[in-house]
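**Student:**
In this note's numbering, the protein residues as written are 3 to 301.
1. Our contact map puts residue 161 next to residue 104 with C-beta atoms below 8 angstroms; I'd like the distance itself, whole angstroms only.
2. Please name the residue, chosen from 150, 245 and 273, that lies closest to residue 254 on a Cα-to-Cα basis.
3. Specify the secondary structure class of residue 228 as computed by DSSP and reduced to three states.
4. Please state whether DSSP places residue 17 in a helix, a strand or coil.
5. In its own chain, which residues sit with a C-beta less than 8 angstroms from the C-beta of residue 284, not counting the 5 before and 5 after it?
6. By how many angstroms is the C-alpha of residue 122 removed from the C-alpha of residue 85?
7. May I ask which residues mark the beginning and end of the beta strand (DSSP E) holding residue 292?
8. Select from 20, 100 and 141 the residue whose C-alpha is nearest the C-alpha of residue 150.
9. Closer than 6 angstroms by C-beta to residue 5: which residues in its own chain qualify, once you throw out the five before and the five after it? Chain order, please.
10. Expressed to the nearest angstrom, what Euclidean distance is found between the alpha-carbon atoms of residue 46 and residue 34?
11. Assess contact between the region 35–43 and the region 279–298, defined as three or more Cβ pairs (one per stretch) separated by less than 8 angstroms. Is contact present?
12. Considering only C-alpha positions, which residue in the set 62, 227, 246 and 166 is nearest to residue 235?
13. By how many angstroms is the C-alpha of residue 167 removed from the C-alpha of residue 223?
14. Cutting at 7 angstroms between CB atoms, please list the residues of its own chain near residue 213, excluding the five before and the five after it.
15. From 157, 249, 210 and 206, pick the residue whose C-alpha is nearest to that of residue 24; which is it?
16. Quick one: which unbroken alpha helix (DSSP H) runs of 4-plus residues sit fully inside the region 23–101? Chain order, please.
17. Using a C-beta cutoff of 8 angstroms, does residue 288 count as contacting chain E?
18. If you draw a straight line from the alpha carbon of residue 207 to that of residue 279, how long is it in whole angstroms?
19. Taking the beta carbon of residue 221 as the centre, do at least 16 other beta carbons fall within 10 Å, making it buried, or is it exposed?
20. Measuring only the C-alpha atoms, how far is residue 251 from residue 154?
21. Would you grab the beta carbon distance between residue 31 and residue 68 for me? Rounded to a whole angstrom, and I think it's under 8 angstroms.
22. Which first and last residues belong to the beta strand (DSSP E) in which residue 215 is found?
23. Leaving out the 5 sequence neighbours to the left and right, which residues in its chain are closer than 6 angstroms to residue 92 when beta-carbon positions are compared?
24. Identify every run of the alpha helix (DSSP H) within the region 102–182, keeping only runs that are complete inside it and at least 4 residues long; order them along the chain.
25. Can you say whether residue 256 is buried or exposed, counting buried as having 16 or more other CB atoms within 10 angstroms of its CB?
26. Quick one: give me the first and last residue of the beta strand (DSSP E) that residue 239 is part of.
27. In whole angstroms, what is the alpha-carbon distance linking residue 258 and residue 270?
28. Note the first and the last residue of the continuous beta strand (DSSP E) segment covering residue 256.
29. Give the single residue among 132, 130, 134 and 125 whose Cα lies nearest to the Cα of residue 141.
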């Protein structure tokens, strides 16, 4: 059985490399778990926050990296039902894709995207009832297990992956987990009972997954590594183990992510609050940073 070390080694070795510099801007979100707008669709509660945030990043020229579990394909059988539930979100992602600013990683809940044929069949086009035919959605889109952002002048690398490589159950037995979620946990989820196999819902599992990932980072010369999966945001100080987590888009009433801009990294949150007149508004809150990326460089 592959160890989490071998699985992470593999994701890093086969990662897509994207060159960047201090002018480059990236927003990293993960664990959107976009569903079909049913009671069990955790994303539906934060859809307006997420859409507003992504629109901001699109207008500001950011590239969007989604670090896995973007689509909830355990609870839902087809991508089509998810697309129809959150059409505005996918049309916005399509704009990113058309400008080569969309970079996608698969996680355990959308592990079917490991298969390029599946991606081609389901994500290339969609049926548009307005024109009565198939139109392009994400033409030639490719999903990756890992992405390496490599700085043009410092050669510093940032390794992005979902993080379930350090979670043997959800990596090796994802089909079994998917079956359990569909049959058992989706109906129980509606009643407020959490899935115990998910590190996001099981604290002991979460700690184990984080520990294995940190061990791998140390073994790889403290390589700056950014994951999702556990839904727990992490932002280390320079000099600590360079283990970052962008959190998730299914926190109660907020989403978290990581921004990379001006050669710096920050942990941010988008949430709804009220202004002095009692009007609801969506605002960006800086949680940690910005910290200079070079301060995490160990080369």
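Ideal Cβ positions, reconstructed from N, Cα and C, are used throughout, including at glycine.
**Tutor:** Reading it off the structure:
1. With 8 angstroms as the limit, residue 161 and residue 104 do not qualify as a contact, their Cβ atoms being about 19 angstroms apart.
2. 273
3. strand
4. Assignment of residue 17 by DSSP, reduced to helix, strand and coil, places it in the coil class.
5. 50, 51, 54, 55, 272, 273 and 274
6. 15 angstroms
7. 282–294
8. Residue 20 is the option with its Cα nearest to residue 150.
9. none
10. In this structure, the alpha-carbon of residue 46 lies about 10 angstroms from that of residue 34.
11. no
12. 246
13. 19 angstroms
14. Residues of the same chain with a CB within less than 7 angstroms of the CB of residue 213, apart from the 5 flanking positions on each side, do not exist.
15. 157
16. The region 23–101 is shown to contain whole alpha helix (DSSP H) runs of 4 or more residues at 49–61, 81–87 and 89–100, in chain order.
17. Among the protein chains of the structure shown there is no chain E, as only one such chain exists.
18. 44 angstroms
19. exposed
20. 30 angstroms
21. Taking the Cβ atoms as the reference, residue 31 lies roughly 6 angstroms from residue 68, within the contact range of under 8 angstroms.
22. No beta strand (DSSP E) holds residue 215; the alpha helix (DSSP H) holding it covers 205–221.
23. 85
24. The qualifying runs are 118–125, 170–174 and 176–182.
25. buried
26. Residue 239 -> no beta strand (DSSP E), and no H or E assigned at all.
27. 6 angstroms
28. Residues 256–263.
29. 125
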